[in-house]
Structures are given as structure tokens and as C-alpha cells.
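What follows is one structure encoded as C-alpha cells, with my remarks underneath.
2 protein chains.
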Amino acid sequence: MRSKPEAKFQYEYARPALTVDIVVFALDADDLMVMLIQRDLEPFEGQWALPGGFVHLDETLDDAARRELQEETGLQGIFLEQLYTYGDLNRDPRERVVTVAYYALVNLEGHNVQASTDARNAAWFSVNELPDLAFDHANILAAAHERLRGKVRYQPIGFELLPEKFTLRQLQHLYEVILDRELDKRNFRKKVLSMEIVQETDEIEKDVAHRAARLYRFDQKAYERLTEQGFHFEI
Amino acid sequence: MRSKPEAKFQYEYARPALTVDIVVFALDADDLMVMLIQRDLEPFEGQWALPGGFVHLDETLDDAARRELQEETGLQGIFLEQLYTYGDLNRDPRERVVTVAYYALVNLEGHNVQASTDARNAAWFSVNELPDLAFDHANILAAAHERLRGKVRYQPIGFELLPEKFTLRQLQHLYEVILDRELDKRNFRKKVLSMEIVQETDEIEKDVAHRAARLYRFDQKAYERLTEQGFHFEI
DNA sequence: CTCGATAGTGTACCATAGACACTAAGAAAG
DNA sequence: CTTTCTTAGTGTCTATGGTACACTATCGAG
């Protein structure tokens, strides 16, 4: 976008535009999903892209990411972490745009994701069946996926993808999907329970056509206490 | 800095300024060192700060970091990696400035660091005896230190801080300084040699007043080969 | 030749990761 | 009510790797 006649902001030196883009992950029955938005403007009109937008001058980068997420997908109060900043020269065909990429983790059951806001079309895609993406968003998404895969094993962020109360089977399934390999049930349970960061509840799952499993809850306090004592989470 | 009358670049919406800052690490006899630059302009005139500067419109972020490093410290061709992007509202008292922070690793022996360039005063400081820093640079430096401590154990980046040929004692010392704990000599050597990513040379160290140690070299090719086979570096 | 300093080497124990298979519980169907 | 189907839930053994630990070899300096 060229400076228009009514352009009000003037600087001595040229400045790149600054945006944020967010890779939102969620877990469905058997896949890791990503939220994408169909563009209604050129360039890449009609193509799918990551939610995101310009950083305002009166908000931090984190705030910008949260605001865009809220505006474009309705998601609020979810796990959000900065990923990497992309500044290649021709990322955007219009002009120089530097984008600070974030990734976010959502529990699908707990959040009503608006399928469409801002007159845009938003939808979930499996990370294994992605459409062509606008800009360099395929790169960003791949980096976010890589980061999630690496981080989930050493920090208890996987819980962000599950409802507050979950079964150990759900937790194991989460790791199997993200790490893309099968885990041994007995070893997995042994390891998780031995860390003492999940709390047994007195509830069991409902509406299943077989023996119901016990529900657990992630114990943030216990995790922090253990971490201070030198404990290192690992799966 | 307010827009001056001669400001030539106009935009419809306000844009933050975009800079890069670099935390350059090196290893001296017994400390991890950081390169700092004494500011010769307000704000924070006279105070120490990280090397860095504005991102030009015709260069990528990595290029900007390399250029600033070269201009301000004379360093070239060194290990450089993006760290995090800082965008708090009042980082800079003049106006909104977003900075993409990098960290770099240098081998002190192999590089002549110009003590002073750009009419600025550059110097090495031990990470344990830092002066007050300008802006939020103390934060950035702490984050870089943390990243280095975490990363050095799982990726063979420590070698970047050593000369091409080094003794196992030097390598062990590097880890002891960065991780801030003593390591067992026999176990360390066993582990390093068993990974088969360091190559024995037929040289030994010189000018030492005791038995001279054998020199080794990091074998990048072997490392890549092993990595493809699923090997994971760890110290 | 002796002293001082660092190089260089092997073993034993313990803890943890991973392989592996059966019984228990509950819903659904006949 | 009995059978069937499906998932919950549980323990042991082995292999591997981490860690603790002490002495001899080599070389330069005096």
C-alpha cells in the first residue's frame, strides 16, 4: 500500500509495517488442528491465511496478538507464546512487512470458536491436510508445529489443549498425535502419575459405551512447587 | 525523535520504529563475557547498552543484525541467532520502538574485536559483573543468557565460543562456566568422545608449563550425519 | 633430578526408560 | 440375565546410561 495523500504519519526514515500472526492449535478426535482464515482482500484474496493484523502503537506485541485473535476468531484467555519474527524482504507483495509470529493452544470443548467474524470465514484444518497458504504462512505454521513438538515434551503446555478435567487416555492421545508415534500405556501412566503434577478427581467420564475412566486435573501449583525444587518435566 | 519537517516517509497509520539488538557472548579465561557499547547520545548517554540499530528497508532482520555487529564491533562471520522480539510500550523514552533481539557467539582468539568503532566505546564485561544497562537491555541480556544456558546442552553451539582446535579441558571449562557447575572430568570426556562429533587432530597445545593436551576439532559433517540418523546431542 | 601441574584412563552402582499381557468394569445387544 | 465388546487399569524384568570415584603419565621449570 503506497502512502495515500491523506497519510498523516511522517518519519525521517522509511519504516516497515509491523504485524502479528498467530498459529492457533487445537486437538480434535484424532488430529492436531490449526485455525485459518479466508482472506477477503487482495493480495491472496480467497486464500487461507493465519489470523493476524497490524500492531497498534498503543499496545504491546502480546496485546496485539490477543486482540487480533479475539477479533478474528472470538478466542479469549488462551495460552499464547511468541514464536519467531519474520522479516524477509518480499514476504508481502505490497510493501515491507515484518511480522511477529505467535502460537496459541486452545481447548476446543471449552471455547466457542466463532466460525466467522469480521466478515471473514474461519475454519479448522488438520495440520496433515493444509490448503495452500498466503504469504509465507506455510513456513510460519511449520515452525510453530516444530516448536510445539519440541516444547510439549519438556513443558506442561499440552494440558492447554485439553479440557480442565481429562482422562489419562486423552492425555496420552495428545502426545501421540503431537509426537506422531505410539506410546506404551503402562509406561505413560507410570511416568505421568510419578511426576505428581496431575490431581485425581472423584469424577469419571460420562456417556461412553464402555468402562468409564477417571478424570484428572493438571495441578499448576504442584508443578510450580516442584520446579522450584529443581524438578524437570519430561515426557 | 519527533517527525521532523523534512520527514519524507508518510503512512496512513502510525508505525513503531524497528531495531535489532545483539547480545554477543565470548569466553575469557574464567568468565562468560558480553560485548557492550557506551552510548554517545541521549537518552542514556554515557550508559552501556547492547550493540544494535535500526532495520533498513532493504535488508532482512538477520542482515540488519550482521551489519550492526560489523559496524559497531567489527565482528563478522560469527554464529548469530534470533532470540525474541521486545515490544513493550515504553522501552524507549522517545517513541515506540520494537526491537528484534539476537544473540551471537564469538571465539575471542579468532576475531579481532575492535574496541572502538563509530566513535563509540566498546568493551567486554563479565556476565557476573554487569554495569547498569540502557533501555530494557538488562532484560534482553538475561533472556539471552538463559537461552544460551538452555541451548548449549542440547545443540553443539558451544564450539562457536572456542578456537577451531581446542582441548577437551577447554570444552569442559566452557560448559562449567555456562552451566555454572563443576563437571566430572572422566564422565565428561567419556560422553564427548562417545558422541563421535569431535575429531582428534595430531596436534597438541603449545606454550603450557605442564603436559600438553591433545587438540580436537568439532566435526560438523559427522554431526549432521548422526543427526539424520536420529542422534540427539546432549551434555 | 625433583617438583608441580595437568593429561589421560576404567569400574561399579544405581536409577530410569522401555518392552511386554492380563484382569476389571461397564454398556449394549440378544 | 448372559454374552460380547470395548476400554480401564495394573507390575516386573532387562538394558542402558548417569554418576561417583583415584591413580598413573607426561612435560616444563627450576
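Chains as they are written, first to last, in our numbering: chain S, 2 to 236; chain W, 2 to 236. Ideal Cβ placement from N, Cα and C applies to all residues, glycine included. These figures come from a predicted structure and were not determined experimentally.
DSSP three-state assignment for residue i, whether helix, strand or coil
| i | result |
| --- | --- |
| G88/S | coil |
| F234/W | coil |
| V21/W | strand |
| S4/W | Unreliable placement is indicated for S4/W, whose pLDDT of 44 sits below 50; the coordinate value is still reported in the next sentence. Residue state, collapsed to three classes: coil. |
| K166/W | strand |
| N122/S | strand |
| F160/S | helix |
| D133/S | coil |
| E43/S | coil |
| E82/W | strand |
| A30/W | coil |
| L149/W | helix |
| L216/S | strand |
| A50/S | strand |
Spatial neighbours of residue i in its chain, beta-carbon cut-off 7 Å, leaving aside the 5 residues before and after
| i | result |
| --- | --- |
| A50/S | L37, I38, R40, L134, A135, F136, H138 |
| R3/W | Its pLDDT being 49, under 50, R3/W is placed unreliably in this model, and the coordinates cannot settle the point. |
| P157/W | I198, F219, Y224, F234 |
| E183/S | E177 |
| I236/W | R154, Y176, K192 |
Buried versus exposed, by CB contacts within 10 Å (16 or more), residue i
| i | result |
| --- | --- |
| P94/S | exposed |
| Y155/S | exposed |
| R97/S | buried |
| T86/W | buried |
| E229/S | exposed |
| I141/S | buried |
| Q221/S | exposed |
| R92/W | buried |
| L194/S | exposed |
| R226/W | exposed |
| Y12/S | buried |
| G159/S | buried |
| R16/W | buried |
| A18/W | buried |
| A30/S | exposed |
| L163/W | buried |
| D22/S | buried |
| E43/W | exposed |
| E46/S | exposed |
| A27/S | buried |
| R187/W | exposed |
| E147/W | exposed |
| E69/S | buried |
| T100/S | buried |
| E212/S | Per the sequence presented here, residue 212/S reads as Arg, with Glu not at that position. The residue is exposed, with fewer than 16 neighbouring Cβ atoms inside 10 Å. |
| A210/S | exposed |
| T20/W | buried |
Contacts around residue i, its chain only, beta-carbon distance under 6 Å, and the 5 residues preceding and following it disregarded
| i | result |
| --- | --- |
| R190/S | L169 |
| Q77/S | Q71 |
| Q48/S | R40, A135 |
| E204/S | L216 |
| Q83/S | Y103 |
| A145/S | V24, L84, Y104 |
Residue i: first and last residue of the uninterrupted beta strand (DSSP E) it sits in
| i | result |
| --- | --- |
| F55/W | 53-55 |
| D203/W | 199-205 |
| T100/S | 98-106 |
| L62/W | Careful: L62/W lies outside any beta strand (DSSP E), inside the alpha helix (DSSP H) at 62-74. |
| I38/S | 33-39 |
For residue i, the first and last residue of its enclosing alpha helix (DSSP H)
| i | result |
| --- | --- |
| Y12/S | It is not in any alpha helix (DSSP H) - Y12/S instead sits in the beta strand (DSSP E) that spans 10-12. |
| Y155/W | Counting along the chain, Y155/W falls outside any alpha helix (DSSP H), and DSSP gives it neither H nor E. |
| Q171/W | 169-180 |
| Q221/S | 221-229 |
| V193/W | 186-196 |
Residues near residue i by beta carbon distance below 8 Å, same chain, minus five either side
| i | result |
| --- | --- |
| D89/W | D137 |
| E161/W | I79, F80, L106, V107, N108 |
| L180/S | R150, V153, R154 |
| Q200/S | Y217, R218, F219, D220, A223 |
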